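One structure below.
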Amino acid sequence: MYEAQKKKKKKNRRRRRRKKKKRRKKKRRKARGANYGGNRKRQRGDCESVTRGFSGVIPHFFHLPFPTTPFASGPVFHLQQHTSMRQEIGGQRAVATPVSDDNLVSLSVRDLNQHLRGLPHDDVQRLKQRRRTLKNRGYAASCRTKRVSLQQDLEVQRTELSLEVEQLSHETAGLRTQLGMLQAKFRALQGLARSLQAGGTAGVAMHVAPALVVNKGDGEVIVQGKCNQEEVMALPGQVTSTCNVPP
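Sequential numbering from 1 applies to the sequence shown in UniProt numbering.
Printed below as a string of structure tokens:
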């Protein structure tokens, strides 16, 4: 029983939907008939009934001029008419644009408005758009030149900086070599000083750079010239230095 009731309800819903759709279709047809000539049962030759059916709004194609001359129909005639209209419009524009491109860019807004007085609105808007495009082109060209000049300047600076870096690298290499030599001299002097502090007579073998001076007590130890082997005799209150082997 319950299933049978469900089926009946579904059928009733479908019927209601169909009825609603039919009513909507009828309303649409009536509205179309009122706007476009009333009912469709009327004959095509009955012009009065057709004109009475209009709601006062005449379509745009009734306002078009009908061709009066023979051979004034077809695509060729329309093409000729379109070209003649374009030529007339182009001639009007050529006559109505007394301002050149240079003047458009150079003139101020006030002077340009004075020149454009009396021209139609379309021509004024077209000239203003032309002015904007020309100015934008000038701005773009100036930006390009600035960018190229800046790029060239940066390249020159880069080359100069690379040369400076090379010079600094050479200088640092020379300073490193000098630092190594000074460290070797300092170590040699440290060894000589330690040997002198130990006291007594002893032979010290060392490689020394030219013109080294070490203060020890009351006297001085002076090493002159490059010597491969050196005997230093240190006595209290007296210091001597000799070089036996030539460099």
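For glycine and all other residues, C-beta sits at the position ideal for the given N, C-alpha and C.
This one's a predicted model, so the numbers in the text were calculated from it and none came from an experiment.
- Can you round the beta-carbon distance between V99 and H115 to whole angstroms, since I take them to be within the 8 angstroms contact cut? 5 angstroms
- Taking L127 as the reference, which of L175, L112, K10, R137 has the closest Cα? Comparing Cα positions, the closest option is L112.
- Item | Collapsed DSSP secondary structure at G118 in the structure displayed | coil
- Query: CB L104 to CB R137, shorter than 9 angstroms?
  - Reply: no
- Message: Suppose you measure from the CA of Q197 to the CA of L161; what does that come to, to the nearest Å?
- Response: 53 angstroms
- Task: Closer than 8 angstroms by C-beta to D101: which residues in its own chain qualify, once you throw out the five before and the five after it? Chain order, please.
- Result: Excluding sequence neighbours, D101 sits near R130, L134.
- From the DSSP output, in three-state form, read off L189 for me. helix
- Tell me whether L189 counts as near the ligand PLP, meaning its Cβ is closer than 8 angstroms to at least one heavy atom of that ligand. This structure lacks the ligand PLP; in fact it carries no ligand of any kind.
- Query: Looking at the structure shown, is L107 part of a helix, part of a strand, or coil, going by DSSP?
  - Reply: Coil.
- Taking buried to mean at least 16 other C-beta atoms within 10 Å of its own C-beta, is L192 buried or exposed? buried
- Message: For a test of the three-state rule: what should DSSP assign to G180, helix, strand or coil?
- Response: G180: helix per DSSP, three-state reduction.
- Whole-angstrom distance between K7 and R17, CA atom to CA atom: 16 angstroms
- Query: If you draw a straight line from the alpha carbon of K19 to that of R29, how long is it in whole angstroms?
  - Reply: Rounded to whole angstroms, K19 to R29 spans 15 angstroms at the Cα level.
- Three-state class that DSSP yields for V148 in the structure shown: helix
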